[in-house]
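Novice:
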Amino acid sequence: MTTQHDVEEHAPGGRVVEHSSEADTNKIAQEITARVEHFAQHPAGIDQRLEELDKEWDVERTLETNASTLVLAGLALSEFVDRRWLILSGVVAGFLLQHGIQGWCPPLFVLRRMGFRTCREIEWERVALKAVRGDFAELSDIQDSRERARAALKLAGD
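Below you can see the structure in the form of structure tokens.
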């Protein structure tokens, strides 16, 4: 029997996850597991959930969008209000540089706590839902390894 702990061991890693709190990462993994288990019992909702996942913003996209918005706001405010607003642009650009080099920055903790997930976590749920839906069942019937590889690539691209 597979336990919750066994499932969490297979949760995707990466630099963002490595620099996130264990509690936040476990909570996200538990939520993904609960959703996949739910849709295993209610497969009619899988297509809608996959559409939702296509529209979900990952943590890095959210971080980059917010950072660029704050940098531009700091530049505009420094031009039209007070030059000290340049500090905002400098601090935010520094956080973005830190994230690019080290894989983390202070705002990342807030975004993870808010439930923003990495691309890998979103993709983990997507692939699990497709497997539950039966998208990969046809691969086991293909004997030729080259054909099976091409069919797998086709399925992975869908």
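The letter at position 148 of the sequence shown is residue 148 when you use UniProt numbering, and the numbering goes up by one with no holes. We treat Cβ as the ideally placed atom computed from N, Cα and C, and that holds for glycine. This structure is a prediction, so every number in the text was calculated from the model and none was measured.
(1) Mark HIS99 as exposed unless 16 or more other C-beta atoms lie within 10 angstroms of its C-beta, in which case mark it buried.
(2) How would you write the range of the alpha helix (DSSP H) that ILE32 sits in, first residue to last?
(3) Would LEU86 pass as a contact of GLY74 if the rule is Cβ separation under 8 angstroms?
(4) Out of curiosity, what's the CA-to-CA distance linking VAL71 and LEU96?
(5) Taking all protein chains shown into account, do 16 or more other C-beta atoms lie within 10 angstroms of the C-beta of ARG83, making it buried, or fewer, making it exposed?
(6) Straight-line CA distance for ALA152 to GLY103?
(7) Less than 8 angstroms between the beta carbons of ILE32 and GLU138, yes or no?
(8) List the whole-angstrom C-beta distance separating ASP135 from LEU155, where the pair is believed to meet the contact cut-off of C-beta under 8 angstroms.
(9) If contacts are defined as beta-carbon pairs under 8 angstroms, then VAL132 and ILE46 qualify, I think. What distance do you get, rounded to the angstrom?
(10) Do you know offhand how far LEU50's Cα is from LEU129's?
Specialist: With the structure as the only source:
(1) buried
(2) 22-41
(3) yes
(4) 10 angstroms
(5) exposed
(6) 31 angstroms
(7) no
(8) 6 angstroms
(9) 7 angstroms
(10) 8 angstroms
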